[in-house]
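Novice: Which chain is which? The protein sequence lines are A and B, in order. Numbering-wise, the first sequence is residues 34 to 248 according to our numbering. Numbering-wise, the second sequence is residues 11 to 394 according to our numbering. Beta carbons are placed, not taken as given, at the ideal position from N, Cα and C, and that holds for glycine.
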Amino acid sequence: MLSLIITGMSLGFSAGTSCTAVCFPILIPYLASDTSTRILSGLKTVLLFSAGRLVSYMALGVGVAFILGSADISPLMVPVVTLILSLVLVLYGLNTLGAFNTSQKPVARACRGITSRRPHFIMGMLVGLRPCIPLIAALMYTVNLSGVADVVIFMLFFGIASSMLIIVFGVAGRGFLNLLVNRIGLDRIRRLSGLVLVIMGAVFMLQAVGGIINA
Amino acid sequence: MKPAVKSKKRALIAALIVGSFGLWWYFDPFPWLGAIVGILAGLFVYYLLTSSRMETGRRLFFIGLNLMVIASIFVVIAQLGWGTFLNWADIHEKEYYLQGQTSSGTQSFPCTRDVPQVWLGKAQYLDYASSWNIKFPTTLGAFLITLVPYIAIGLLFGRGVCGWLCPFGGLTEIFVTGKKVRWKLDALKRKVNTKSGFSYAGLKEWVKDTKYGLLITVVLLSIFLSFPLVCVFCPVFWLEPLFVLWIMLAFIIVFAIILPFMTKRRWWCLICPIGACFGLVNRISFFRIKVDKNKCIKCYDCVDECRMYTITPETIEKDKNPGDDCTRCGRCMEACPEDAIDIYFMDTGKKVRTAFISLTLIAALSLYIWFVLIMVDIFPKVIG
């Protein structure tokens, strides 16, 4: 048990920088779109985001170890998850920009309803379901584990360790954003974050469609 | 607009300085080229400083730079052949972030990333091979050093780069030429009531912020994809992943051709993330456009003529500098009937149009040597 925890955490810590590079570009505009500038609110967002990633990691670990039997994940999975993520990003970005606020058309109302509650946990889950190289390495390790509990514990500690830098940078990022808010105003920060989320979502959407066609 | 200098002696001195720089910079590898460039550059600076139509001269120069860059790419493709060109494009990208390795030098062709290496003396033109021998920045430190010339240019000129030096801006400039505004796009503009009752202003905040949104996205996606996304703005890059080519072509058609032609405004520059970088340092740059409120008669001719929607009635009435998007193109200066607008040194009252034009031309001569050599050395060989 202890060796599992140590191995999971070691792998997680070594993957931390890479995980931060992957998650940060999504997390920062997402944090910036928040109406609250409190550090605690930022911490809550990052924790829920990281919890979503943890759940995805554990689900992937169990799926790979006991359903697939190898780390050969379907080539369709990543583009499909990316497509869903891109839709969430675009809708959330548009909502931040106030695109659905005034319209009473059913589609706009539905979009407003979907994005009115900030989907921290779901965003984290979607990001976690896009395996990067360190995660694939962790998943390959789980194939050799014997019990579900072992896999869950291993992936849990891998996820916790790999989230540490994200949490630290996320909170620091919220602090930095607050400095910017004082300088250029919350409205402008939110407008910029909305734009970034929409553009980034559009880029992911292109990437996902390309991936689906290739798969 | 009155000429920049009343004394022709001063214009002559500026022309001699720029001409001498051209002679020195282009002397190696071809002394005859140095002589020609030196004479032409000197004459052109003299014309810009003594003519009342500085902006027209700038526009022709700017469009000429763009056409030369486009022609250079085709010349290189014709010289190498399509397959070799694509192979090279592929290799030069991958060589980018090789940590801790030394490069013995690579034969290279125009790359905005590598142009500063000419400045830093790291690139050598091999006239027998008609190409540059260059050491790519193989470490992050080396790459950061190559950024120094760009940072210096940004601090000196701010978005003046977008009005005088950008290799792409000339394309938009072609299509904004003319007076007839077909689309007003009032929905994108702010309405203001000024003392004179004039209700027209620059762009809405969210439109102006689009370029900053794109800049942040480019930086974040570069981190996410571990790829220097600035290369996405290089035409060479577009030739390989075809979907990028189609997306960029669509952007070019809409923002560099249709919108500029219909609105007579430089829309590409209004959304350009690289322009946004220069916009960020616009307020601390050395050369700034200012309106002399003692001379201004509030006719708002400059507001109508500004290609970037950056001079507004508020700018004039509240005695503010034009915003982050001012490209120092000089169009407002040419339009002003009272000569109330000029280029000043920072926030002082010192007019520095002569220094600005001279330094801009020196920067252009430095940056575009790569492309000039292609046109004078490789092009004749390609056409046999």
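Can the beta-carbon of Ala-88 of chain B be found closer than 8 Å to that of Leu-59 of chain B?
Specialist: Going by C-beta atoms, Ala-88 of chain B is not nearer than 8 Å to Leu-59 of chain B.
Novice: Just grab the DSSP bridge partners of Ser-141 of chain B for me.
Specialist: Answer is B:Leu-136, bridged to Ser-141 of chain B.
Novice: Who are the neighbours of Phe-57 of chain A on chain C, taking C-beta pairs under 9 Å?
Specialist: No chain C is part of this structure, whose protein chains are labelled A and B.
Novice: With a cut-off of 8 Å, does the C-beta of Val-229 of chain A fall near any C-beta of chain B?
Specialist: For Val-229 of chain A, the answer is yes, since a Cβ of chain B falls inside 8 Å of its Cβ.
Novice: Answer yes or no: does any C-beta atom of chain B fall closer than 8 Å to that of Ile-61 of chain A?
Specialist: At least one chain B Cβ lies under 8 Å of Ile-61 of chain A.
Novice: If you drop the 5 nearest sequence neighbours on each side, which residues of the same chain put their C-beta closer than 6 Å to that of Val-55 of chain A?
Specialist: Contacts found: Cys-165.
Novice: Cutting at 6 Å between CB atoms, please list the residues of its own chain near Glu-159 of chain B, excluding the five before and the five after it.
Specialist: According to the sequence displayed, residue 159 of chain B carries Pro and not Glu. So the qualifying residues of the chain are Pro-126, Trp-129.
Novice: Provide the residue span of the alpha helix (DSSP H) that contains Tyr-125 of chain A, from first to last.
Specialist: Unbroken alpha helix (DSSP H) run through Tyr-125 of chain A: 110-129.
Novice: Just to confirm my understanding: we take Met-91 of chain A, look at its own chain, exclude 5 residues before and 5 after, and list those with CB closer than 8 Å. What are they?
Specialist: Hits under 8 Å: Val-184, Val-185, Met-188, Leu-189, Gly-192.
Novice: Of the choices A:Gly-227, A:Leu-225, A:Val-160, A:Ile-222, whose alpha-carbon is the least far from that of Val-79 of chain A?
Specialist: Comparing Cα-Cα distances from Val-79 of chain A to each of A:Gly-227, A:Leu-225, A:Val-160, A:Ile-222, the minimum goes to A:Val-160.
Novice: Lys-104 of chain B CB to nearest chain A CB: under 8 Å?
Specialist: A caution first: Lys-104 of chain B carries a pLDDT of 46, below 50, which makes its placement in the model unreliable, though a value can still be read off. No, Lys-104 of chain B does not count as interfacial toward chain A.
Novice: Going by beta-carbon coordinates alone, are Phe-185 of chain B and Phe-271 of chain B separated by less than 8 Å?
Specialist: Taking 8 Å as the Cβ cut-off, Phe-185 of chain B and Phe-271 of chain B qualify as a contacting pair.
Novice: If we count Cβ pairs, one from each stretch, closer than 8 Å, do we get three or more for the stretch 222-231 of chain B versus the stretch 279-286 of chain B?
Specialist: At 8 Å Cβ cutoff, the stretches touch.
Novice: Here's the rule I'm using: 16 or more other beta-carbon atoms within 10 Å means buried, otherwise exposed. How should Met-233 of chain A be labelled?
Specialist: When all chains shown are included, Met-233 of chain A counts as buried.
Novice: Tell me the start and end of each unbroken alpha helix (DSSP H) in the stretch 150-228 of chain B that is at least 4 residues and wholly inside, in chain order.
Specialist: Here the runs fully enclosed are 150-167, 170-174, 179-186.
Novice: Would Trp-92 of chain B be called buried (16 or more neighbouring beta carbons within 10 Å of its own) or exposed?
Specialist: Classification for Trp-92 of chain B: exposed.
Novice: On the DSSP bridge assignment, give the partners of Lys-303 of chain B in chain order.
Specialist: Lys-303 of chain B pairs with nothing; no bridge assigned.
Novice: Could you spell out where the alpha helix (DSSP H) holding Asp-314 of chain B opens and where it closes?
Specialist: Unbroken alpha helix (DSSP H) run through Asp-314 of chain B: 311-315.
Novice: Thinking just about the alpha-carbon of each residue, which of B:Ser-368, B:Trp-277, B:Val-202, B:Val-191 is nearest to the one in Asp-314 of chain B?
Specialist: Taking only the C-alpha atoms, the option nearest Asp-314 of chain B is B:Val-191.
Novice: What is the DSSP secondary structure of Arg-142 of chain A, reduced to helix, strand or coil?
Specialist: Note: Arg-142 of chain A maps to helix in three-state DSSP.
Novice: When the Cα of Ile-326 of chain B is compared with those of B:Leu-53, B:Val-202, B:Leu-225, which residue comes out closest?
Specialist: Among B:Leu-53, B:Val-202, B:Leu-225, the Cα nearest to that of Ile-326 of chain B is on B:Val-202.
Novice: Based on Cα-Cα distance, which residue from A:Ala-248, A:Leu-225, A:Asn-215 lies nearest to Pro-62 of chain A?
Specialist: Nearest C-alpha to Pro-62 of chain A: A:Leu-225.
Novice: Can you pull the chain B residues whose beta carbon is under 7 Å from the beta carbon of Ile-232 of chain A, in chain order?
Specialist: What Ile-232 of chain A touches in chain B: Gly-223, Leu-224, Thr-227.
Novice: Can you name, in chain order, every residue of its own chain whose Cβ lies under 7 Å from the Cβ of Leu-178 of chain A, other than the five neighbours on each side?
Specialist: The answer, listed in chain order, is Ala-98, Val-184, Phe-187.
Novice: Would you list the residues sitting across from Lys-328 of chain B in a DSSP beta bridge?
Specialist: Per DSSP, none; premise fails for Lys-328 of chain B.
Novice: Quick one: is Thr-320 of chain B near chain A, going by C-beta distance under 8 Å?
Specialist: Closer than 8 Å: no.
Novice: Would you list the one or two residues that DSSP bridges to Arg-298 of chain B?
Specialist: Answer by DSSP bridge pairing, in chain order: B:Tyr-354.
Novice: Pull up the DSSP beta-bridge partners for Lys-361 of chain B, would you.
Specialist: Lys-361 of chain B is bridged to B:Tyr-354.
Novice: Taking the alpha-carbon positions, what's the Ile-117 of chain A to Gly-243 of chain A distance?
Specialist: If I take the Cα positions, the gap works out to 14 Å.
Novice: Using a Cβ-Cβ cut-off of 8 Å, state whether Ala-205 of chain A counts as contacting chain B.
Specialist: Taking Cβ atoms only, chain B never reaches closer than 8 Å to Ala-205 of chain A, which makes this a no.
Novice: Does the beta carbon of Val-236 of chain A sit closer than 8 Å to a beta carbon anywhere in chain B?
Specialist: Chain B, which has a Cβ nearer than 8 Å to the Cβ of Val-236 of chain A, makes this yes.
Novice: To the nearest angstrom, report how far apart Ala-345 of chain B and Asp-311 of chain B are at their CA atoms.
Specialist: Approximately 6 Å between the Cα atoms of the pair.
Novice: Could you tell me whether the Cβ of Leu-219 of chain A comes closer than 8 Å to any Cβ of chain B?
Specialist: It does not: the Cβ of Leu-219 of chain A has no partner Cβ on chain B nearer than 8 Å.
Novice: Are the C-beta of Gly-243 of chain A and some C-beta of chain B separated by less than 8 Å?
Specialist: Taking Cβ atoms only, chain B reaches closer than 8 Å to Gly-243 of chain A, which makes this a yes.
Novice: Looking at chain B, is there any beta carbon in it that lies within less than 8 Å of the beta carbon of Leu-122 of chain A?
Specialist: Closer than 8 Å: no.
Novice: Can you name, in chain order, every residue of its own chain whose Cβ lies under 6 Å from the Cβ of Leu-269 of chain B, other than the five neighbours on each side?
Specialist: Same-chain partners within the cutoff: Trp-277.
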